[in-house]
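> Next up is a structure, given as structure tokens.
Number of protein chains: 2
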Amino acid sequence: MDDAATPLYPADPWAVRETRFELRQARHSESVFALGNGYLGMRGTFEEGLSGGPRVSTRGTYLNGFYESGPIRYPEDAYGLARKDQTLTNVTDGQRIELLVEGERFAMDAGRLEDYARTLDLRRGVLRRELTWLSPGGRRVRLEVERLVCLTRPSVAAIRYRVTAPDGALRLELRTCLDGRVADHADPGDPRAGGAAAGRVLETVAASVHGEDVAITQRTRESGLTLACAASHRLTGGQEVARDAVPDEEAPGVRFGLRLAPGGSAVLEKTVAYVDSRAVEAGALAGLASTAAAEASALGFETLAREQAAELDAFWQDCDVIVEGDDVVQQSLRFGLLQLYQGVGRDGRASIAAKGLTGPGYQGHLFWDAELYVLPSFLYARPELARGMLLHRIRALDAARRRAAELRHAGALYPWRTIDGDEASAFFPAGTAQVHINADIAYALERYLEATGDSELLWQGGAAMLFETARFWLSRGTFVARRGGAFCLHTVTGPDEYTALVDNNFYTNLMAQEHLRFAARTAAELARAEPARFASLAAELHLDDAEPVRWLGAADRMRLPFDPELGIHCQDDGFLDKEVWDPAGIAPEERPLLLHFHPLDIYRRQVLKQPDVVQALYLREERFSRAEARRDFAYYEPLTTHDSSLSPCVHGIVAARLGQLDKAERYFRQTARMDLDDINRNVKDGVHTAAMGGAVMTVLHGFAGMRTEAGRLSFVPRLPGAWDGYRFRVALGGCRVEVAVRRDETRYRLLQGASMTLLHRLEPVTLTAGESVTRGNAPRLRAVLFDLDGVLTDTAEFHYRAWQELADRLGVPFDRAANESLRGVGRMASLERILERAERSYDDTEKARLADEKNRRYQQLIETITPADLLPGVPELLAALREAGLKVAVASASRNAPAVVRRLAIEEYVDVVVDAAEVRRGKPDPEVFSSAAEQLGVLDEDCLGIEDAEAGVAAILAAGMAAVGVGGTERVGAAHRVVADTGALDLAVLQGAFARAHAGADGGR
Amino acid sequence: MDDAATPLYPADPWAVRETRFELRQARHSESVFALGNGYLGMRGTFEEGLSGGPRVSTRGTYLNGFYESGPIRYPEDAYGLARKDQTLTNVTDGQRIELLVEGERFAMDAGRLEDYARTLDLRRGVLRRELTWLSPGGRRVRLEVERLVCLTRPSVAAIRYRVTAPDGALRLELRTCLDGRVADHADPGDPRAGGAAAGRVLETVAASVHGEDVAITQRTRESGLTLACAASHRLTGGQEVARDAVPDEEAPGVRFGLRLAPGGSAVLEKTVAYVDSRAVEAGALAGLASTAAAEASALGFETLAREQAAELDAFWQDCDVIVEGDDVVQQSLRFGLLQLYQGVGRDGRASIAAKGLTGPGYQGHLFWDAELYVLPSFLYARPELARGMLLHRIRALDAARRRAAELRHAGALYPWRTIDGDEASAFFPAGTAQVHINADIAYALERYLEATGDSELLWQGGAAMLFETARFWLSRGTFVARRGGAFCLHTVTGPDEYTALVDNNFYTNLMAQEHLRFAARTAAELARAEPARFASLAAELHLDDAEPVRWLGAADRMRLPFDPELGIHCQDDGFLDKEVWDPAGIAPEERPLLLHFHPLDIYRRQVLKQPDVVQALYLREERFSRAEARRDFAYYEPLTTHDSSLSPCVHGIVAARLGQLDKAERYFRQTARMDLDDINRNVKDGVHTAAMGGAVMTVLHGFAGMRTEAGRLSFVPRLPGAWDGYRFRVALGGCRVEVAVRRDETRYRLLQGASMTLLHRLEPVTLTAGESVTRGNAPRLRAVLFDLDGVLTDTAEFHYRAWQELADRLGVPFDRAANESLRGVGRMASLERILERAERSYDDTEKARLADEKNRRYQQLIETITPADLLPGVPELLAALREAGLKVAVASASRNAPAVVRRLAIEEYVDVVVDAAEVRRGKPDPEVFSSAAEQLGVLDEDCLGIEDAEAGVAAILAAGMAAVGVGGTERVGAAHRVVADTGALDLAVLQGAFARAHAGADGGR
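Heads up: the sequence lines are chains A and B, in that order. Under my numbering, the first residue of the first sequence is numbered 1, with each subsequent residue one higher. Under my numbering, the first residue of the second sequence is numbered 1, with each subsequent residue one higher.
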């Protein structure tokens, strides 16, 4: 969008509408107003066309998966590179209708538009154009043109073209044809725009005109596909004065001459049908297309529109995501959902291209976008669409097997981009090297099975696909002795295409690990459930019992690079060494980087096109502790340019889950408005289906915090500030539930199924048929986390005594005053300070020995601790917390904590003592507190922490918890409440602090 | 070569000769018999041509650097990729002469050859073909055709075409023309064969025939270059019956009709000249070419041939490498030297393509082959040729600056492959990513300056090139805090093209480090030598005083990856983790790998196309300890496929230097016979200039062990087993010396200069004018290396006492018998054994403390050592060694060794005590011994080591030294001589052992 102040499409919950016509925006509108039904797609071009060629208006009609191919020519060739270029080709133009008014040809870019509106009706699935045109010669005519692509009839599209003579009588001519002189187009210079095959593609096999029925059969030159397109016409109103067949070989059609009386109208209904040779024998195509067109034509546009509306009613019933209080968002979500529904193939015959059926971008290729961005949008609403997408991949298994064999690998390797199942990526470092595609597909299958329990899909090829893609990993990776026998995957490219050909990409390895485990688990389950059927499958796949064991062996030893110092996962083995490139410093005119910097200059730095570790965090959240999630996001998010349309939504979801709601809302808006506001300035080539799916996912998985845990639905609902509420429906395991989130509370209603237990803010809620249950969204004090030293007891005295004894033995001056200066100072640093006053210097070995000596003495001393050493007020507080049903944890980074708790005899009051060995980073990192909360099964924001040290309070606050400080304000003043000593602590104090902590925030935030 | 048993070209020291004509070998012969003079090159095609098209016979005439360009089209494009395809284009065919015998067209592949020979005279530089042909119609004719490309006249080539009628009278027709209908050709499917631009390239501007003089002017379509080609003819003998101009626009020529009496002969001399628009204004080209052709024609072929022979006499005088006793090798070396001389441009107008001027391979591109393989072949013989090559790079500096700027880097980045200075690599991971090219060029410049002292080249642009390429590194690399502030170069590709886009490629980093230092040093030297001139240069380059300081800072902190466990340099940060791919397991039909495996499958494994660390070892030997060199070579050599023709020679040189002469000979043969035996099966596309240079370098730098040390020549001559001797001449710093190596000795003779000191086997030899000095080649006992413990003194007692005290304190049973079992066992392992009998277990911290305690006690105890603790016989032996002038070292891995030597009061007898801190790997690795020899300045093979332990003897033997064992045969029996105790050691024993050690080997090996 050039002018952010004037939105192209005004906010409307059920419509996308334009009231200005601008030539330079034409291609953008053509993508936005595209219609489709999963098989047939038509760009929102005008029936009569525009002058100026394909860079002004890119006409496009697509049949999902119908493509032309040609050789890929490399300036420097190598073995195994993708050979076959594939382009979703622009097929016969069925929408063409031209109008001559008193001999003047009507065109949007000629004469003058006195009024104009074009509306995509999201509820009814009809595109409507209305205008009054003053011709250059001064004639006035009114047009109302409606168009639909039948969601109920895969082959059919229909146009209702109404012409009115508002002033005087008019002599009109309507020329309608099936235009076979179509060409593919891609803007040069932008690798995202399209690809190699451009120009005229189809050659005509046969064409015919019989009365009002027109048909043409065309075929591709290289890929060997044939299609037939037929049209039937019905003209009503006006006075017909001529009707001529136009038997043009390349564009057969009909010419109607008619006269309109003043104020009179005529309506031409054109019904078009497409069929192609993938499903039907080529000889039968023309007949089938003609029959389909004629049948639909006989029903008439009005009837087809009613069918369409009924179909969409049902769709919205299942799939709608309703947002209250924000029509801009509502429009984006519904527009996206409709476009996805229009673009996705049905019944496994096709999947969905990155641009759906809306434009030539990315040559109409299928990427992982389908499985990871679009499939989840339908998974919990229309699982049969997800099934179809998986079935489509299953049908491409043989191609994936051939590809793996060509690359000398076992099993199957799916292509990075493709139409017909063969690899079509012409730059392998950012294509074939993205072997994670195998794991992405397996992930989608796993999620699908979890949601539906449809194990029959496994027997229909799903299991073969899963096993063949799993066995690929064993031949692609290697166990590395010098990494302790770790299973490593070298020279791969992860999701982030700004880094290529790396070792042990974290995303790839984690996803491969889960893939291998899922495959092994599935093999075991199938073998148990249906032994004979499994034995036959195993024999067919040459799968012996030992192979899943090897899969698990590789999974268990999978290298997952982690940086102990930063406490984050490494994007790959070498990533963190590279030069940091802060995207904030990159000028807007130098974005996206891929168009302005050499790949080497991008690859060599820490800069991301899209999430990589964060992508794993989104998909496999359960594999990250809360602290790791927070740190990974904090590290990688600022390095990410979002030059991929796949990027903002994932960041939005993760931000929302981490409670960073403002950030999540910013990312969400970017995702949701990607197409309508043309944020990446390339909607001209088609819409961004991944972003559309991403917007839906952000509401469900981000704002509503939806996830599944052991097959149960779990929600942590939050409400964006500008909204009044939102609701959606989720089907899982045979039940369907409506989730309605408002500011303060969430209402769950079971629409289908007898009963269901889900988690709301980690607390179980059981629903029965038809029942509504409402729960609050606000944080609720559920757990109290105690620091140990200085809060539960005071071990400072023992530290002092241990140091004093050591100092005495060494003959170093030391006393209680000197000890005070050691508060909060670590063991080695304390020793250094003490030794500053020693007579001789000590080397590192000696120092280690001395520190060890002090610690052993300290350990002896704390063995003398008794319950009497509990600080004042603590016993009473612990009892009160138990009484109030609150959970209690001790969150100390000391490895001696369990021993001290035992000595204090408060074990019965403490649910969890954090295992310090599992904590990667000490306070002020929030890890020790969020780890305690995690182990208690409580949200961080439902916790309150008590600390006596500055770093401790900082850690509590960083975890998003309420904090109570014990001691002086100078140390713990940042806490929500400060008490002088533990004697002042009681439940009321804690509740007051908790209330204060959450007072500033809205209930839902 | 298909049939290894029958060499294509019989051994001949001065000729390459074929006596069979085989169509399937035609293209190979065309490359071998190519002629050139550094500007003009002509493939050894037959004047009359062959039928069957370019895949049977690839005609080719080339002007060095004269190219056609076109756009490079990428199936998936990106910013900054090379845009301009460049092809050394096949220019006007000047050699074409057709013969009709009684109307029958003579052709090699028609009729019958009754005898046939074709000879390339290496001494005279003339190609001669002789044959008797029986036509299909039964006529017999004899042909003698000679051809030369004038080394003294850049534009000129000449053909003498003699026809004889051996039987009856014959009516002949000779058709000669300048054929402008030439095309480029590249076999499809092999990235090495050639490139994109194929088909007709030149268009004709003008053509003319005047009497016997013919001329044509042609130009390229895209690159804007024009050339003129002219021919003059002289026909003598026979009876001329017709002479017709053939004014063909595309192939102007002349037709001669003549009759030969029985036994009569006729001779047609055709003299051709080429000039092109890079040096001459386009309008003047035709005139200049005609004049050059006419002048040369007037002199006549015989005179031109004499000029040629004189020129080559001088060339061989300077450049010949004479091998006695092996004509096969002699032929290869001379063939290679001549081809290099024919291919290399003069005076900076051009450099040398990978294929010279002999074929279309690699599109005629210039690579680093020029600087690192060809330049050194001439550097010490014809330094002006090396200067021209460097000047050519200097002239391309602006293009390199533009390229760096395009990639957002400072300074200049030279292209990986190019003709005109712009990057022409269409696959950047194996092209532009090879940024080491900058350092390679700087290396060549450094070597050139060292050899010639020609600092004027620096002022002629050499310094600008050096500084601009150096400053590139600072913008390409980064200081990495988490690697201790190391300067790192990420995402580069090293020389080994079977690994791409890696971090910190060892070769690149080491070469960049040396480049930066050389640049800083040069800046300082120039500033000192000519302050004003330097100030002006610095101002022009915006080079301030601080910049060289930054260069040195980056150099000093350059990351050079090293693996401490293996004791080897890592090819890059991640290389050693990858899966090992043993080339021995790869079937011949799957080689070269690049034609049979996907790049990803190659990159992800440890497999090398060509040397990488070993390349650095060859170029920067001084940066490797002898032990590192041995280990690096032992690790990487077996992983190398030698799929690059650049590979065997470097391995041969390094093997020779490491004393692995058999291996060196195998590699040498592969290199030297690369072209004549068509080892890589692609000579059809041109010869391998790098291998030719590599063969010469192997003799000089490998077998003769030639290197420079602080500006002095140094030799360690070895003689391959099959040879009787070899000799060559070397010019350095104004002196020229002849080096003649025979079996037992080497003779040095100073041919030019007053006096010179060089090193022979690390010992200085001073030569004076005209004088010959002869030195032996055999190993000579020069140094004795003592193990410490058990050889010089016995510290075992002290170890025992230290352990005993510790055991007593811990209350663990221990005695002398138990101590015996600890012999040769390290400190921690000994402790473990002792603690096996302890009552309680000890953790790692405790154990470290205990081991430390024992060592401190041991250190106390050895303070009590006195000279009386020297073992029997040692004092006498040390005195005798000193007396005999032998050097002495103590080679112990103990860090206590210097203290013990001091206590023993033998410092005056010991030249070197190895600093154990510098030793990467203990015995049985030879490092401690070769390190001692290195510090003594003595060859390993001139040393004898004395040891009392098995691992020690193994280490000595692995270092290639003579070994004497002290103690039982069961421990030290592998030594060349074993004595029962040190009392039995004396000089005679050592000399006997040394003689025995070297008895098996030849003197020279």
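Beta carbons are placed, not taken as given, at the ideal position from N, Cα and C, and that holds for glycine. None of these values were measured; they are calculated from a predicted model.
Arg73/B versus chain A: which residues are under 8 Å apart at the beta carbon?
The contacting residues are Arg73, Pro75.
> Measure the alpha-carbon distance for Arg604/B versus Asp632/B and round it to whole angstroms.
Whole-angstrom Cα-Cα distance: 20 Å.
> Quick check: the Cα distance between Pro926/B and Arg718/B, rounded to an integer number of angstroms?
Each residue's alpha carbon lies about 22 Å from the other.
> Which residues in chain B have a C-beta closer than 7 Å to the C-beta of Val480/A? List them in chain order.
Within chain B, the residues near Val480/A are Asp577.
> Roughly how many angstroms lie between the CA atoms of Val972/B and Ala439/A, to the nearest whole one?
Approximately 58 Å between the Cα atoms of the pair.
> What is the DSSP secondary structure of Tyr635/A, counted as helix, strand or coil?
Three-state result, Tyr635/A: helix.
> Using a 10 Å radius around the Cβ and a threshold of 16 neighbouring Cβ atoms, would you call Leu113/A buried or exposed?
When all chains shown are included, Leu113/A counts as exposed.
> Check whether the Cβ atoms of Val209/A and Gly253/A sit closer than 9 Å, and answer yes or no.
Cβ atoms of Val209/A and Gly253/A: closer than 9 Å.
> Check whether chain A comes within 9 Å of Ala512/B, counting only Cβ atoms and requiring the distance to be less than that.
No, Ala512/B lies away from the interface with chain A (no Cβ there is under 9 Å from its Cβ).
> Beta-carbon of Ser223/B versus every beta-carbon of chain A: anything under 9 Å?
Chain A contact via Cβ: absent.
> For chain A, is any of its Cβ atoms less than 9 Å away from the one on Pro191/B?
Judged by the 9 Å Cβ criterion, Pro191/B is in contact with chain A.
> Mind checking which residues open and close the alpha helix (DSSP H) that includes Glu250/B?
Looking at the DSSP string, Glu250/B is not in any alpha helix (DSSP H), and its letter there is neither H nor E.
> Would you mind telling me which residues of chain B sit closer than 7 Å to Ala78/A, beta carbon to beta carbon, in chain order?
Residues of chain B passing the Cβ test: Pro191, Leu594, Pro599.
> Can you pull the chain A residues whose beta carbon is under 8 Å from the beta carbon of His760/B, in chain order?
The premise fails here: His760/B is roughly 43 Å from chain A at the closest Cβ pair, so nothing lies under 8 Å.
> Can you tell me the Cα-Cα spacing of Ala289/B and Arg259/B, whole angstroms?
In a straight line, the C-alpha of Ala289/B is about 32 Å away from that of Arg259/B.
> From Ser931/A to Ala974/A, what distance separates their C-alpha atoms?
Roughly 21 Å between the two C-alpha positions.
> Does DSSP put Ala4/B in a helix, in a strand, or in coil?
Bear in mind that the predicted position of Ala4/B carries a pLDDT of just 45, short of 50, making it too unreliable to give a figure here.
> Rounded to whole angstroms, what is the Cα-Cα separation between Tyr67/B and Gln308/B?
Roughly 28 Å separates the two Cα atoms.
> Could you check whether the Cβ of Tyr432/A sits closer than 9 Å to any Cβ belonging to chain B?
Here residue 432/A turns out to be Thr, not Tyr, going by the sequence shown. With 9 Å as the cut-off, Thr432/A counts as an interface residue toward chain B.
> Determine the direct distance from the alpha carbon of Asn680/B to that of Leu593/B, and round the result to whole angstroms.
Roughly 12 Å between the two C-alpha positions.
> In whole angstroms, give me the CA-to-CA distance for Ala5/A and Ser31/A.
Here Ala5/A scores only 48 on pLDDT, less than 50, and its place in the model should not be relied on; the value that follows carries that caveat. Their Cα atoms are separated by approximately 22 Å.
> Determine whether the Cβ of Ala607/B lies closer than 9 Å to any Cβ atom of chain A.
Per the sequence presented here, residue 607/B reads as Val, with Ala not at that position. No, Val607/B does not count as interfacial toward chain A.
> Using the C-alpha atoms, what's the distance from Trp551/A back to Val1022/A?
This structure gives no information on residue 1022/A, because the portion of chain A shown stretches from 1 to 1005.
> Taking Cβ positions only, does Val953/A come closer than 9 Å to chain B?
For Val953/A, the answer is no, since every Cβ of chain B falls outside 9 Å of its Cβ.
> Using CA coordinates, which residue listed in Pro611/B, Thr87/B, Val101/B is at the minimum distance from Pro638/B?
Checked all of Pro611/B, Thr87/B, Val101/B; the closest Cα to Pro638/B is Pro611/B.
> Against chain B, does Arg476/A count as a neighbour if the rule is that its beta carbon must be under 9 Å from one of theirs?
Yes - at least one Cβ of chain B is within 9 Å of the one on Arg476/A.
> Per DSSP, which residues does Ala230/A bridge with? Please list them.
In the DSSP output, where bridge partners are listed per residue, Ala230/A has Ala215/A, Ala273/A.
> Over what stretch of residues does the beta strand (DSSP E) that includes Lys84/A continue unbroken?
84-88 is the span of the beta strand (DSSP E), which, as asked, contains Lys84/A.
> Contact check, Arg17/A vs Pro10/A under 8 Å by CB: the rounded distance?
The pair is a contact, with the Cβ atoms about 6 Å apart (cut-off 8 Å).
> Against chain B, which members of the region 402-431 of chain A pass a CB distance test of less than 9 Å?
Listed in sequence order: Glu406, Leu407, Arg408, His409, Ser425, Ala426, Phe427, Phe428, Pro429, Ala430, Gly431.
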